[in-house]
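Notes to accompany the following structure.
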Amino acid sequence: MFNPSREQVRNFFIEAWRKQRAAEPLTALESMAVDIIGLHPEYHRVLEDPEAVGREFSPDDGQVNPFLHLSLHLAIEEQLSIDQPPGIRAAVATLQLRRGDRHAALHEVLECLGETVFNAQRNNAPPDGAAYLECLRRRAGAPA
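Offset between the sequence shown (1-based) and our numbering: plus 36.
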């Protein structure tokens, strides 16, 4: 899934959650996704609704897009697994120590990733890994 459509991403999460609930075998990526979904019980009902594939989640209406949120979590787990950008593992470890909770720390990372992606889109440029790490270090209270 190098450039999946919105529907493919949503179907991936819905199907992974369905397979988990049915005790069916999961791929490694599905297993990672299910672990993340497990941390977000507020999204379970959405993931159990196949109609959610076409649903709009507008921030203007105060809604969080659960599929975007889960996708960002999944991206962060992938980044941590390969330490890309280099130094993210150390930055996240520091953030986790400061917050005392891995999930809370990951939500801080999610904010930095969202900011990095937004800036890249706004500037029509690739994501700035150095700025991403600097954001993480600022949030952890570590020197940049």
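We put the CB at the ideal spot given by N, CA and C, even for glycine.
Between residue i and residue j, what straight-line distance do the alpha-carbon atoms span, to the nearest angstrom?
i    : j    : result
S67  : P163 : 27 Å
T63  : R173 : 33 Å
Q44  : L83  : 13 Å
Q56  : P40  : 22 Å
G177 : Q115 : 21 Å
I73  : I50  : 10 Å
R53  : C171 : Sequence inspection shows Trp at residue 53; the Arg mentioned does not correspond to that position. Approximately 32 Å between the Cα atoms of the pair.
N24  : A58  : Nothing can be reported for residue 24: it is not among the residues displayed for the chain, which extend from 37 to 180.
R91  : G98  : 15 Å
R81  : I118 : 32 Å
V153 : L169 : 13 Å
A138 : G165 : In the sequence as presented, Ala is not what sits at residue 138; that position holds Arg. One C-alpha to the other measures close to 21 Å.
E60  : R42  : 24 Å
A126 : E151 : 20 Å
L86  : L149 : Looking at the sequence provided, one finds Pro at residue 86 rather than Leu. Each residue's alpha carbon lies about 28 Å from the other.
Is the Cβ-Cβ distance between residue i and residue j less than 9 Å?
i    : j    : result
L75  : H109 : yes
A141 : N155 : no
I112 : V128 : yes
E147 : R135 : no
P102 : E78  : yes
V89  : R158 : no
L104 : R175 : no
A69  : F48  : yes
Following the continuous alpha helix (DSSP H) through residue i, name the residue where it begins and the one where it ends.
i    : result
Q56  : R42 to R57
A94  : In the sequence under discussion, the amino acid at residue 94 is Ser, which differs from the Ala named in the question. Premise fails: S94 is in no alpha helix (DSSP H) and is neither H nor E.
E144 : R138 to R158
E113 : P102 to I118
L169 : G165 to A176
D71  : A64 to G74
A126 : I124 to R135
The region 122–130 in contact with the region 90–108 per 3-pair CB rule at 8 Å: Touching, no.
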